[in-house]
Structure formats: C-alpha cells, structure tokens
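Here the structure is laid out as structure tokens; the discussion comes afterwards.
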Amino acid sequence: MDRKSDKSVALATYKGFTRDLTCTPDGKKFQYEVGKTYDNGGKSVTRCGDGAFHSVEMPLDAWGYYGPATGRFASTTASGDIAKGDAGGDTKVASAVITINAELRLPDFIRKSVAWIIEAAKESVTTGYRAHAASTGYRAHAASTGYRAHAASTGYRAHAASTGSTGNGAHAASTGDYAHAASTGYRAHAASTGNGAHAASTGDYAHAASTGDYAHAASTGNGAIAAALGAKSTAAAVAGGGIVLAAYDESVWPYKLVALRASLVGQNGIEAGKSYRLTIDGEFEQVQS
Numbered sequence: 567m568d569r570k571s572d573k574s575v576a577l578a579t580y581k582g583f584t585r586d587l588t589c590t591p592d593g594k595k596f597q598y599e600v601g602k603t604y605d606n607g608g609k610s611v612t613r614c615g616d617g618a619f620h621s622v623e624m625p626l627d628a629w630g631y632y633g634p635a636t637g638r639f640a641s642t643t644a645s646g647d648i649a650k651g652d653a654g655g656d657t658k659v660a661s662a663v664i665t666i667n668a669e670l671r672l673p674d675f676i677r678k679s680v681a682w683i684i685e686a687a688k689e690s691v692t693t694g695y696r697a698h699a700a701s702t703g704y705r706a707h708a709a710s711t712g713y714r715a716h717a718a719s720t721g722y723r724a725h726a727a728s729t730g731s732t733g734n735g736a737h738a739a740s741t742g743d744y745a746h747a748a749s750t751g752y753r754a755h756a757a758s759t760g761n762g763a764h765a766a767s768t769g770d771y772a773h774a775a776s777t778g779d780y781a782h783a784a785s786t787g788n789g790a791i792a793a794a795l796g797a798k799s800t801a802a803a804v805a806g807g808g809i810v811l812a813a814y815d816e817s818v819w820p821y822k823l824v825a826l827r828a829s830l831v832g833q834n835g836i837e838a839g840k841s842y843r844l845t846i847d848g849e850f851e852q853v854q855s
C-alpha cells in the first residue's frame, strides 16, 4: 500500500539510469538530462506504476535497480504528489515532479551513501583512527569513517559503508540478499554477499568483491580489482586495474561452476569503465546496459 506525502514537501532523493541516462519504467524509454525538471502533467502517482518518476531516498537502494558496474547515478529532488512504499520495503518513491540536480560519480555517490547511513544509524556509527561499526538485523545499517575504519552489517537489505578523505585502509562488508557495501580510500575494500548484492570500492589499490546471483562489483583507482563471483554477475574496473568473474552451468541445481577467469584492463578485450560477465565457455562478454 502506497503512502502519500504532503505535496508541499520536496524530498532529496537519488536516481539510477542506464548508461545513456534513460529509464524504462513502463517499457518505454524515457530520456533524462542533468539540470532539467520533469512534470507528469497531473497523472496519478503510484510506486512501480507508469505516469510517475521514481527515485530513492537511501542512495544505495538505487543499486537494487541499477548496479554500480552498469549504471549512472544522480542526486535528484522529488516533489509534487509523492507516493512512498511500506516501511518494510526499500526507500523507492514515486513523484509527480523530479529534478535531476547533478550526476554523481562513484566516489561521490559512495560518500553520499555514507552520509545517509550515518544519519540513519547513528547508534551504529564510529569515527576516528581504527574505528569499527557493526550492525545486524533486517535493513541494518553500519557506517564507519576514519583511518583504517571498518563497517560490517548483516541482514536482508543490510548496508555497510566506510569512507573518508582519511579513510585509508577502510573496509566495508555486508551480507544478506540485496545487501550493499561501499568503501572509499587508499587500499579500501568492499565485500558483499547474497543474491542481488552489490559492492563498490574507490581509491588506489581498492578491491570490491561481491558473491551471489546477479551480484555486481565495481572498483576504481590505480591497481584496483573488481571480483564478482555469482551467477550472471558483472564486474567493471578502470585502467590499471583488473576484474575477476565466474560462470556457472545453470541447467543443474545447485549451479555448477564451469569457468573462472581474471584479466587486467587492457588485455583480453577488457576496456576501462565497461562492464563484463563471463560465458560458460570462459569468454568475457561485454554487458550492454
């Protein structure tokens, strides 16, 4: 059941897109542009329905619709008629009006995610040298900032984030279906396990690992590695980095691992910034978003 908000209240939200800044909420491609405002012309507003614009309040929830390795993201403002979902779901909202404020590169997106998590889960937040944060339970959040900071969160739709300009050696781990982990900083690591899980890490020698079906891993920075080891998983890295992918025979249960392959960017047809999956023949295949 959708919950309606006061139409005089605007919400700070985030939106994901395909690589060409389009969405297909009703099966028809809709083109967006940064800096523009869109109005549905007075149509009825419902979540997951046509005639409205969709965004999320919690940045990492956008990864449930567009993975960090395949999507683009922006800060947005939702206004006019706004419909929210039940408290047990994610933070997706539908609105009559949406403004695409600014595109967010992965490091900026992760920092926004950390700030949101810190505000939402202050009891699970620590800051400072070798700070640690842990949170467990349904939709649990954990955030930690500072040199060698660590954040861990477990549970369905759990989120963990660790960051900071002083976040060298920061680590983030999250487990559970639709769990997300994000980490920024020199030698930062992010790991996420569970179906639909996403992991992203930015910074030199950063690593991102995600396991589970339909998992995505993205890592940026010199010497960074992205590993996605579940069925139908994808990985992307930048110049100077590498990817690791697995493929499975899905005609049997449990799925049988049939191929595992790693490559540096610039070798084996792997291009910087593009997303790939592994075929059952052990060949890299570019993912078209």
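Numbering (this note's numbering), first residue to last: 567 to 855.
Glycine included, each C-beta is placed from N, C-alpha and C at the ideal position.
Thinking C-beta only, is residue j closer than 7 Å to residue i?
{"i": "Ser661", "j": "Thr642", "result": "no"}
{"i": "Asp627", "j": "Thr657", "result": "yes"}
{"i": "Ala766", "j": "Ala774", "result": "yes"}
{"i": "Ala856", "j": "Ala801", "result": "There is no way to answer for residue 856, as the model of the chain reaches only from 567 to 855."}
{"i": "Leu672", "j": "Thr759", "result": "no"}
{"i": "Asp592", "j": "Asp616", "result": "yes"}
{"i": "Val659", "j": "Asp605", "result": "no"}
{"i": "Val853", "j": "Arg843", "result": "yes"}
{"i": "Gly835", "j": "Phe850", "result": "yes"}
{"i": "His782", "j": "Gly633", "result": "yes"}
{"i": "Ser645", "j": "Ala747", "result": "no"}
{"i": "Gln597", "j": "Thr588", "result": "yes"}
{"i": "Ala803", "j": "Ala813", "result": "no"}
{"i": "Ser817", "j": "Ala635", "result": "no"}
Let's see if you can read the secondary structure: which residues bound the beta strand (DSSP E) around residue i?
{"i": "Ser749", "result": "His746 to Thr750"}
{"i": "Ile666", "result": "Lys658 to Leu670"}
{"i": "Tyr631", "result": "Element bounds for Tyr631: n/a, residue is neither H nor E."}
{"i": "Val611", "result": "Run containing Val611: none; DSSP gives neither H nor E here."}
{"i": "Arg585", "result": "It is not in any beta strand (DSSP E) - Arg585 carries neither H nor E in the DSSP assignment."}
{"i": "Asp815", "result": "Gly808 to Asp815"}
{"i": "Glu857", "result": "An answer regarding residue 857 cannot be provided, because it is not within the stretch 567 to 855 covered by the chain."}
{"i": "Leu826", "result": "Lys822 to Leu830"}
{"i": "Asp605", "result": "Thr603 to Asp605"}
{"i": "Thr893", "result": "Outside the displayed range of the chain (567 to 855) lies residue 893, so it cannot be described from this structure."}
{"i": "Ser641", "result": "Arg638 to Lys650"}
{"i": "Ser621", "result": "Phe619 to Val622"}
{"i": "Ser799", "result": "Element bounds for Ser799: n/a, residue is neither H nor E."}
{"i": "Ala783", "result": "His782 to Thr786"}
{"i": "Ala635", "result": "Segment: none, Ala635 is in no beta strand (DSSP E) and carries neither H nor E."}
{"i": "Thr768", "result": "His764 to Thr768"}
Assign residue i to buried or exposed, taking buried as 16 or more other Cβ atoms, counted over all protein chains shown, within 10 Å of its Cβ.
{"i": "Glu837", "result": "exposed"}
{"i": "Ile676", "result": "buried"}
{"i": "Ala668", "result": "exposed"}
{"i": "Gly808", "result": "buried"}
{"i": "Val810", "result": "buried"}
{"i": "Val680", "result": "buried"}
{"i": "Leu826", "result": "exposed"}
{"i": "Ser740", "result": "buried"}
{"i": "Gly733", "result": "Its pLDDT being 49, under 50, Gly733 is placed unreliably in this model, and the value from its coordinates should be taken loosely. Buried, since its Cβ has 16 or more Cβ neighbours within 10 Å."}
{"i": "Gly848", "result": "exposed"}
{"i": "Val611", "result": "buried"}
{"i": "Ser785", "result": "buried"}
{"i": "Trp819", "result": "exposed"}
{"i": "Thr750", "result": "buried"}
{"i": "Gly787", "result": "buried"}
{"i": "Leu670", "result": "buried"}
{"i": "Ser731", "result": "Unreliable placement is indicated for Ser731, whose pLDDT of 40 sits below 50; no coordinate value is reported for it."}
{"i": "Lys678", "result": "buried"}
{"i": "Lys650", "result": "buried"}
Nearest chain C C-beta to residue i closer than 7 Å, yes or no?
{"i": "Asp586", "result": "Among the chains of the structure shown, chain C does not appear; only one protein chain is present."}
Nearer than 6 Å: is that true of the beta carbon of residue i relative to any heavy atom of the ligand MG?
{"i": "Ala783", "result": "No copy of the ligand MG occurs in the structure displayed, which carries no ligand at all."}
Next item on the list: State whether the segment 794-804 contacts the segment 775-784, with contact taken as three or more CB pairs (one from each stretch) at a distance under 8 Å.
Entry: yes
Check: Counting Cβ pairs, one atom from each stretch, are 3 or more of them under 8 Å apart for the segment 579-593 and the segment 635-651?
Finding: yes
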